[in-house]
Structure formats: C-alpha cells, structure tokens
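Notes follow once the structure below has been shown.
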Amino acid sequence: QLPLALLLSLLTGYIVWLATANRMSFSWQIGYGLSAHEFMVYCQPLIDSRTGNCDGIELLLRWHNSRQGWIPPDLFIPLAERHNLIAPLTRFVLNETVRHLPQLPHTADFHIAINVAASHFHNQAIIDDLQKIWWPANPLPRLVVELTERDALPLMDQSVVAQLQQSGIRVAIDDFGTGHSSLSYLKTLSPDVLKLDKIFTAAIGTDAINATVTDMVISLAQRLHIRLVAEGVETAEQASYLRQRGVDTLQGYYYARPMPLEAFPAWLAQHQAS
Ligand code: C2E
Ligand code: CA
Ligand code: CA
Ligand code: CA
1 QLPLALLLSL LTGYIVWLAT ANRMSFSWQI GYGLSAHEFM VYCQPLIDSR
51 TGNCDGIELL LRWHNSRQGW IPPDLFIPLA ERHNLIAPLT RFVLNETVRH
101 LPQLPHTADF HIAINVAASH FHNQAIIDDL QKIWWPANPL PRLVVELTER
151 DALPLMDQSV VAQLQQSGIR VAIDDFGTGH SSLSYLKTLS PDVLKLDKIF
201 TAAIGTDAIN ATVTDMVISL AQRLHIRLVA EGVETAEQAS YLRQRGVDTL
251 QGYYYARPMP LEAFPAWLAQ HQAS
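Counted from 1, the sequence shown has number 218 at position 218 by our numbering; the numbering is strictly sequential.
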C-alpha cells in the first residue's frame with residue numbers, strides 16, 4: 001500500500017538523517033542553506049473545478065543541499081519546526097513571493113496559498129511578519145494561510161486566526177482528515193477552506209473506507225459552507241468524481257507538478273490558452 005511505503009521510506013530517511021547530522025549541525029545547515037541560496041520556492045497550480053482554469057497557486061519550499069542533494073520537505077520541515085527554524089523559512093517564502101509578484105496574475109480571484117506551521121502563530125509572529133513583508137507589497141493578491149497541524153494547536157492561537165481573517169486572509173486547515181487536524185478545529189477556528197488530504201483522493205475507486213471518509217468530508221464542507229480543496233489529484237477518474245460532487249478546487253499531478261515560481265507565468269499562459 002502506497003501510504004505505508006511512503007511512511008517507511010520517510011522513516012528510514014529520517015533515521016539516516018539523525019545519524020548523520022546532529023542537532024547543531026542541522027540548524028547550522030538551514031542557516032547556511034538560506035545564505036547560500038539553497039532554498040527555492042516552487043508552486044503548484046490550483047484548479048477551479050467548474051471552469052478548469054487555474055485560479056491560484058500553493059507555494060512549496062524546496063531545498064537543494066550542496067552535500068546531500070534534494071532534501072524532501074516532509075523531512076526538513078518537521079525538523080525545522082522542532083529546532084525553531086520554521087519562521088525564517090516562512091519569511092524566505094514570503095520574500096521570494098513578493099519579489100515575483102509583478103510576474104504573477106493580479107485578477108481579483110487569483111490567490112496564493114502559503115503553508116504556515118502552527119508554531120509560527122505563537123506571540124502573533126506570523127502577523128508581525130506579514131506586516132513587514134506581505135502587506136507593504138503592491139499589488140497584493142489574495143492570501144490563503146494553510147495551517148498544518150503536527151502538534152495540537154493551543155487555544156490562544158484562535159485569536160491569531162481571527163485576526164488573519166479580519167484582514168482579508170483566508171485560513172485553510174491542511175491535511176484535513178489526518179493527524180491532529182480534527183473535527184474540533186471546525187468549531188474553534190472557523191476555517192474558510194479545508195484541504196482534503198491526498199490519501200482520501202487516492203482512495204477514490206480503490207479503498208472503500210477512506211472513500212467513505214472522502215464523501216463525508218465533502219458533504220460536511222458543503223453543509224458548513226466551507227470551501228474544499230482536494231489534494232493529490234492524479235487521474236481523470238479522481239478529477240471527475242470530485243468535480244461531480246462539487247469539490248471547489250482540485251490540485252495534483254493530473255493538472256501540474258510543482259514548478260519553480262519563475263516557470264509559472266509560462267505554464268499559465270499555455271494552460272489558460274488551451
Ligand atoms: P502539503 O502542504 O500537503 O503539500 C502538498 C504535497 O503534495 C506537496 O509535497 C506536493 O508536491 C504533493 N503533491 C501535489 N500533487 C500531488 C499528487 O498528485 N500526488 C502526490 N502523491 N503528491 C502530490 P511536498 O512539496 O513534498 O511538501 C510536503 C509537505 O511539506 C507539504 O505538504 C507541507 O506540509 C510541507 N511544506 C512544504 N513547503 C512548506 C513551507 O514553505 N512551509 C511549511 N511550513 N511547510 C511546507
Ligand atoms: Ca499545504
Ligand atoms: Ca496537505
Ligand atoms: Ca501533507
């Protein structure tokens with residue numbers, strides 16, 4: 001089964017990582033990587049299921065380490081969170097995006113989604129960073145903050161979520177249906193968007209139990225009037241299943257793989273034209 005194989009390979013990678021790099025050298029490597037331009041911002045198109053048009057992108061961080069090559073985000077993001085290094089990485093993503101804004105679409109419905117770790121919500125740090133980096137930018141596209149839950153979110157962070165929403169930013173719960181991103185967040189955080197984890201998309205037509213969860217999350221989101229994004233759409237069958245059930249936004253290799261931010265304008269020109 002794919003998720004289990006993925007989990008195992010991540011786990012071995014993680015153990016190898018722990019064996020080869022101690023805590024100090026890991027934080028040093030991230031700091032060095034930032035100064036040595038080893039990090040890159042990639043983006044993946046988000047597709048409006050009704051029109052088939054791209055109406056946004058999700059920003060995804062990439063790290064090409066001089067010694068170890070490509071390091072997957074599923075490996076370095078959790079470690080960065082644990083070493084309190086996630087905020088500088090998020091600031092890097094914000095800065096790079098602001099630098100590329102002139103080349104990105106400026107239509108009212110185009111939005112940019114960024115992944116923000118829950119730890120970045122403490123002491124309103126994310127608000128401070130948006131104030132310094134994002135809000136001064138002009139023109140300013142609509143921002144969606146995707147909140148990934150690795151550790152349960154403390155109650156006090158609710159107010160930060162509310163502040164983001166009051167300033168026009170949409171808040172999405174990432175990987176919905178897995179881990180800590182539980183039903184209780186629907187009530188405490190009032191998210192604008194749910195992102196259905198890719199294991200549920202992969203279950204369509206293959207795994208009866210997870211496919212039932214997929215259907216339940218779809219109807220839950222619809223009843224609560226929360227926008228729904230399905231991740232990991234890889235086949236035409238999955239796309240049409242999700243479209244028929246009214247899922248708002250589709251994302252996955254079926255439409256486009258993540259690409260460097262620089263490559264997106266050319267991809268968009270070709271995609272919207274065809
Ligand atoms: P995520 O936020 O759930 O991002 C979606 C992941 O699914 C990405 O993996 C993307 O490349 C992958 N993906 C997209 N379409 C498909 C598909 O059709 N099939 C499959 N199998 N996978 C697909 P990626 O880029 O490796 O990122 C992994 C995770 O690392 C992200 O999961 C996110 O939690 C975290 N991450 C990435 N960039 C950042 C960042 O800038 N900040 C933070 N805090 N986390 C990040
Ligand atoms: Ca995400
Ligand atoms: Ca996700
Ligand atoms: Ca994920």
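All C-beta atoms in this analysis are idealised placements derived from N, C-alpha and C, irrespective of residue type, glycine included.
- Message: Please determine whether the Cβ atom of ASP207 lies at a distance below 7 Å from any heavy atom of ligand 1.
- Response: no
- Task: Determine the contact status of LEU85 and ILE30, defining contact as a CB-CB distance below 8 Å.
- Result: Yes. Within cutoff.
- Assuming ILE173 and LEU183 make a contact with CB atoms under 8 Å, what is their CB distance in whole Å? That belief does not hold up - the Cβ atoms of ILE173 and LEU183 are roughly 10 Å apart, past 8 Å.
- Have a look at LEU6, PRO73, PRO88 and PRO72 and flag the residue whose alpha-carbon is nearest the alpha-carbon of TYR32. PRO88
- Query: Do you know whose CA, among LEU261, ILE204 and SER240, lies nearest PRO102's CA?
  - Reply: PRO102 has its Cα closest to that of LEU261, out of LEU261, ILE204 and SER240.
- Task: In the DSSP assignment, find the unbroken beta strand (DSSP E) run with GLN44 in it and report its ends.
- Result: 39-48
- Cα-Cα separation between LEU94 and ILE133, rounded to whole angstroms: 7 Å
- Backbone CA spacing between GLY13 and LEU75 [nearest angstrom]: Cα atoms of GLY13 and LEU75: separation of roughly 8 Å, rounded to the nearest angstrom.
- Figure out for me which residue from ALA230, VAL116, HIS120 and ASP157 has the closest Cα to the Cα of VAL145. Checking every option, the nearest Cα to that of VAL145 belongs to VAL116.
- Message: With distance defined between alpha-carbon atoms, name the residue in THR107, GLN158 and MET216 nearest to LEU140.
- Response: THR107
- LYS187, buried or exposed, once every other Cβ within 10 Å from all chains shown has been counted against 16: exposed
- Item | Residue nearest to SER159 in terms of C-alpha spacing, selected from TYR253, ASP207 and ALA125 | SER159 has its Cα closest to that of ALA125, out of TYR253, ASP207 and ALA125.
- Task: Please state if the CB of THR201 and the CB of GLY252 are separated by a distance shorter than 8 Å.
- Result: yes
- Task: Take GLY56 and list the residues in its own chain whose beta-carbon comes closer than 7 Å to its own, dropping the five residues that flank it on each side.
- Result: LEU46, PHE110, HIS111, ILE112 and ALA113
- Message: Among SER66, ILE209, GLU234 and MET259, whose alpha-carbon lies nearest the alpha-carbon of LEU250?
- Response: GLU234
- Task: State the start and end residues of the unbroken beta strand (DSSP E) segment that holds ASP55.
- Result: Unbroken beta strand (DSSP E) run through ASP55: 54-65.
- Query: Can you tell me where the beta strand (DSSP E) with THR107 in it begins and where it stops?
  - Reply: Taken as a continuous stretch (DSSP letters only), THR107 belongs to no beta strand (DSSP E), as it is neither H nor E.
- Message: Quick check on ASP157: buried or exposed, where buried means 16 or more other Cβ atoms within 10 Å of its Cβ?
- Response: Classification for ASP157: buried.
- What separation, rounded to the nearest whole angstrom, lies between the Cα atoms of CYS43 and ARG223? 30 Å
- Message: I'd like the list of long-range same chain contacts for ASN210, defined as Cβ closer than 6 Å, with 5 residues on each side in sequence excluded.
- Response: PHE200 and ALA203
- Query: Can you list every residue whose CB sits closer than 6 Å to some heavy atom of ligand 3, going in chain order?
  - Reply: ASP174, ASP175, LYS195, ASP197 and GLU231
- Message: What I want to know is whether the C-beta of ASN95 ends up closer than 7 Å to one or more non-hydrogen atoms of ligand 1.
- Response: no
- Task: Just list the alpha helix (DSSP H) runs in the region 82-135, keeping only unbroken ones of 4 residues or longer that don't cross its boundaries, in chain order.
- Result: 86-100 and 125-129
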